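Asker:
In full-length UniProt numbering, the protein residues as written are 1 to 204.
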């Protein structure tokens, strides 16, 4: 994943959970044509066969735009479908396993909820980035929203890049900009008729 410029987090785009490949394709391409994306994450939620179709579609769209693709937890699918890595949703627990399976050049990211301790462990285990969330109130995540002081502390103390995710608003984006490397956007836009326009209203 590229390094973010100071005070300007890069866009880390998440696909809709459980979406069908046939529906995702044109919507994903439109968003990625409208905005520079640092990394695309395929969210789990579909059957494995459908996830495989989504992986192939997302890889084709993203790699044509020089964007790396990771998938939630599925190390085997990442290998099988030529993805760039995985996003692990269990903190630090499987970072070393994923690295061993995928090799030194793969992207291994780790979602650590609101736990600084888990984030530190994931970084020490070799994660390429750590994500914390939700930063806003969200029923899609377990646990309380992350105190933004965690991002402040992390950005000042730890070299591992940090991703903010979960219920992002324009106001939260302003607060996160100086203290996060990447901001993950997904559910905030995919429920809208025109996701690219929704992202423009949030991100611009």
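Backbone N, C-alpha and C define an ideal beta-carbon position, used for all residues, glycine too. These numbers were taken from a predicted model, which means no experiment stands behind them.
Roughly how many angstroms lie between the CA atoms of residue 149 and residue 155, to the nearest whole one?
Answerer: Cα-Cα distance, rounded: 10 angstroms.
Asker: Our contact map puts residue 102 next to residue 95 with C-beta atoms below 8 angstroms; I'd like the distance itself, whole angstroms only.
Answerer: That belief does not hold up - the Cβ atoms of residue 102 and residue 95 are roughly 11 angstroms apart, past 8 angstroms.
Asker: Rounding to the nearest angstrom, what Cα-Cα distance links residue 133 and residue 112 in this structure?
Answerer: Roughly 8 angstroms between the two C-alpha positions.
Asker: Can you check the segment 104-132 for any alpha helix (DSSP H) of at least 4 residues that lies completely inside it and give the ranges in chain order?
Answerer: DSSP runs (the alpha helix (DSSP H)) wholly in the segment 104-132: 116-125.
Asker: Short of 7 angstroms in beta carbon distance, which residues of its chain neighbour residue 55, apart from the five on each side in sequence? Order them along the chain.
Answerer: Correct list, in chain order: 42, 71, 77, 81 and 83.
Asker: So within the segment 46-100, which uninterrupted alpha helix (DSSP H) runs reach at least 4 residues, ignoring any that extend past its ends?
Answerer: Fully enclosed alpha helix (DSSP H) runs of 4 or longer: 48-63 and 75-80.
Asker: When burial is assigned at 16 or more other CB atoms within 10 Å of the CB, is residue 106 buried or exposed?
Answerer: Buried is the call here.
Asker: How long is the line joining the alpha carbons of residue 36 and residue 11, rounded to whole angstroms?
Answerer: In a straight line, the C-alpha of residue 36 is about 7 angstroms away from that of residue 11.
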